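Residue numbers for the sequence shown, in the UniProt record's numbering: 1 to 408. Yeah, the Cβ is synthetic: ideal placement off N, Cα and C, and Gly gets one too. Since this is a predicted model, take the numbers as computed values, not measurements. Accompanying notes for the structure given below.
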Amino acid sequence: MPPKKGKKLKKKVKLQVPPQYEEQISKEPVSDPPTSQQSITSLPISVVEAALAVEESPEEDIVTFGAEALNRLLSMRHPQQIAADLTRSLSSLRQRLAQLEMEWLGFESSAVGSTYACRARDQKDKLEHEVRKTEKMTRHLILLGRVLDRIFELRTSVFDTERTAMEAEVEELTKRVEKNDEEIRSCYINRISLLHRYWVWRTLQELGDMTVGRTFAEELARGPRYRSIAIQNRILSDTLERQLEWLQRFLEKEEVFCGRVRQLERFVEEFTDMNDALEEVLTCRVCNLLFEDPVVFWPCGHSFCLQCFDSLSVAPSLFRCPLCGSMGSEGYVHNLLLSESVAKWMFKDACYADVHGALSLVRLHLSKFRRNIISSRMEQLEERLTAERGRELASDTLDDMDIVYRAY
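Okay, here's the thing in structure tokens:
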């Protein structure tokens, strides 16, 4: 095999060795593989000896191989098989060497075969050189096989150890992830629950009871509600003072209020009488309903509905008034003024139809706004206000204060 081919194989299998072996590798020459074994991969002796130092060196001096070179080395044929092939080739070379020695001895004894003897001697020298190289390569391959076995053992042990550790770590991480998921889920559920309860509490604290009282006294008892942007203190004494102030103002105007209510009652009664009188005037005496297209009978001047006027006929072209008994043949005239008055009265009656209902509600609640009831309510508020002011002055902290605030 040419030397260039051997160098090319050397570049393919490049190993990384510790510094203590680099000088030895650089000094030792590279041997070419035997010509008869072209399929055998040759490696430098120093590389093999450096690789064998794995078994004798401590852990920090272990020979480290490059990832690419190690993969190529592990993908080669097993060195033991290559060594067996070289052993068989070595036996055949030795047989051929024995034959050449016999031929050389035979040609050397005769004078004629001196040329053939020289040729046989040269072939013998070449075969001896090939035998030495093959023996050396066999030893190197055996050592390399031990190194590879050691590498396989280390890889298997490291793989098993790391695999066990990684499986334990993965299992631990899986448990932690499940635990974290459970904690996140429980925290999310608790947050939603707290938000629901917080918004209900905040609505009650900020807006209070939004229902409207049935009476003015119930609505007045609620007191003022403070609604402002920022932080606002709601102290009970302020609320009681405002309620007491309202009751005092209402007590001062109680007589005026009662007088206004009595005037309203008289007005409603007069309005009712007027309404009854108007309804009687605007009602037809024949059908007892409001006029519909009213007409005036001539000559008496009484008004009737147009349809009701036809029922007054007693003879052809002769009509008799049911109110005064007058008879005439002149007929009727349309009463446009009465028709317009009926239309306006119907509109106003529809607008003021609920006056009696409103007045009945005022009469119902009027008994609750009498002076004695308001005075008793004021006395109760004054007692509560005195007690609350004493409690506020006695306390040095804000623990007993009800503070409502908004966050914007």
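- request: Thinking GLU245 and LEU385 are a contact (beta carbons under 8 Å), I'd like their distance in whole angstroms, please.
  value: Here residue 245 refers to the residue found at position 245 of the sequence shown. Here residue 385 refers to the residue found at position 385 of the sequence shown. With a Cβ gap of about 11 Å, GLU245 and LEU385 do not count as contacting.
7 Å CB neighbourhood of CYS287 in its chain, flanking five on each side removed: As a working mapping, residue 287 is identified with position 287 in the sequence shown. Answer for CYS287: CYS305, CYS308, listed in chain order.
- request: Would you identify the three-state DSSP class for GLY328, choosing helix, strand or coil?
  value: On the sequence shown, position 328 is the one that residue 328 refers to. Three-state result, GLY328: strand.
field: According to DSSP, residues forming a beta bridge with PHE271
entry: In the sequence shown, the residue the question calls residue 271 occupies position 271. Per DSSP, none; premise fails for PHE271.
field: DSSP three-state assignment for ARG234, whether helix, strand or coil
entry: Here residue 234 refers to the residue found at position 234 of the sequence shown. Confidence in ARG234 is poor, its pLDDT being 44 and thus under 50, which makes the residue's placement too unreliable to answer from.
- request: Measure from the alpha carbon of VAL281 to the alpha carbon of each residue in GLY325, LEU338, TRP201, then state which is nearest.
  value: Numbered from its first residue, the sequence shown carries residue 281 at position 281. Ranking the options by Cα distance to VAL281, first place goes to LEU338.
Reference PHE297; option with closest CA among LEU278, LYS253, MET274, PRO322: Here residue 297 is taken as the residue at index 297 of the sequence shown, counted from 1. With distances taken between Cα atoms, PHE297 lies closest to PRO322.
query: What whole-angstrom Cβ distance do SER303 and VAL295 have, given they're in contact under 8 Å?
result: As a first step, residue 303 must be located in the sequence shown, where it is residue number 303. As a first step, residue 295 must be located in the sequence shown, where it is residue number 295. With 8 Å as the limit, SER303 and VAL295 qualify as a contact, their Cβ atoms being about 7 Å apart.
field: Counted within 10 angstroms of its Cβ, other Cβ atoms place SER46 as buried (16 or more) or exposed
entry: Counting from one through the sequence shown, the residue named residue 46 turns up at place 46. For SER46, the pLDDT reaches just 40, beneath the cut-off of 50, and the residue's location in the model is therefore unreliable, leaving the point undetermined.
query: Nearest to VAL131 by alpha carbon, out of LEU97, GLU292, ARG370?
result: Position 131 of the sequence shown, counted from the first residue, corresponds to residue 131. Among LEU97, GLU292, ARG370, the Cα nearest to that of VAL131 belongs to LEU97.
message: If I follow the unbroken alpha helix (DSSP H) through LEU306, where does it start and stop?
response: Working through the sequence shown from its first residue, we reach residue 306 at position 306. Run containing LEU306: 306-309, per the alpha helix (DSSP H) assignment.
message: Am I right that VAL100 and LYS124 are in contact with their C-beta atoms under 8 Å? What's the rounded C-beta distance?
response: In the sequence shown, the residue the question calls residue 100 occupies position 100. In the sequence shown, the residue the question calls residue 124 occupies position 124. According to the sequence shown, residue 100 is Leu rather than Val. Correct: roughly 4 Å between the Cβ atoms.
message: When you compare the CB positions of PHE267 and PHE257, do they come within less than 9 Å of one another, or not?
response: Stepping through the sequence shown from its first residue, residue 267 is reached at position 267. Stepping through the sequence shown from its first residue, residue 257 is reached at position 257. No, the pair does not count as a contact, with Cβ atoms beyond the cut-off.
- prompt: Rounded C-beta distance between LEU318 and SER329? I'm assuming under 8 Å.
  reply: Here residue 318 refers to the residue found at position 318 of the sequence shown. Here residue 329 refers to the residue found at position 329 of the sequence shown. That pair is a contact at about 5 Å.
field: DSSP-derived helix/strand/coil call for VAL296
entry: Along the sequence shown, read from residue 1 onward, the residue named residue 296 stands at position 296. DSSP places VAL296 in strand when its eight states are reduced to three.
message: Rounded to the nearest angstrom, what separates PHE159 and VAL170 at their Cα positions?
response: Along the sequence shown, read from residue 1 onward, the residue named residue 159 stands at position 159. Along the sequence shown, read from residue 1 onward, the residue named residue 170 stands at position 170. For PHE159 and VAL170, the distance between alpha carbons rounds to 16 Å.
message: Mapping the DSSP letters down to three states, classify PHE291 as helix, strand or coil.
response: Taking the sequence shown and counting its residues from 1, the one referred to as residue 291 is at position 291. Of the three classes helix, strand and coil, the one that applies to PHE291 here is coil, per DSSP.
task: Pick out whichever of LEU336, PRO299, LEU359 has its Cα sitting closest to the Cα of ARG262.
output: As a working mapping, residue 262 is identified with position 262 in the sequence shown. Nearest C-alpha to ARG262: LEU359.
task: Quick one: grab the DSSP three-state call for ARG320.
output: Against the sequence shown, residue 320 aligns to sequence position 320. DSSP places ARG320 in strand when its eight states are reduced to three.
- prompt: To which residues of the same chain is HIS334 closer than 7 Å at the C-beta, ignoring the five residues directly before and after it?
  reply: Your numbering for residue 334 matches position 334 in the sequence shown. Hits under 7 Å: VAL295.
- prompt: In the DSSP assignment, what are the bridge partners of ALA315?
  reply: As a first step, residue 315 must be located in the sequence shown, where it is residue number 315. Its beta-bridge partners are LEU318.
task: Take TRP345 as the anchor and find which of LEU393, THR283, MET378, ARG371 has the nearest alpha-carbon.
output: As a first step, residue 345 must be located in the sequence shown, where it is residue number 345. The residue with the shortest Cα to Cα distance from TRP345 is THR283.
message: Buried or exposed, going by whether 16 or more other CB atoms sit within 10 Å of the CB of HIS196?
response: Locating residue 196 in the sequence shown gives position 196, counting from the first residue. Its Cβ having fewer than 16 others within 10 Å, HIS196 is exposed.
field: Reduced DSSP secondary structure (H/G/I, E/B, other) of HIS302
entry: For the purposes of this step, residue 302 is taken as the residue at position 302 of the sequence shown. Coil.
- prompt: Cα separation between SER380 and GLU252?
  reply: Within the sequence shown, residue 380 is the residue found at index 380, counting from 1. Within the sequence shown, residue 252 is the residue found at index 252, counting from 1. It should be pointed out that residue 380 corresponds to Gln in this sequence rather than to Ser. For GLN380 and GLU252, the distance between alpha carbons rounds to 18 Å.
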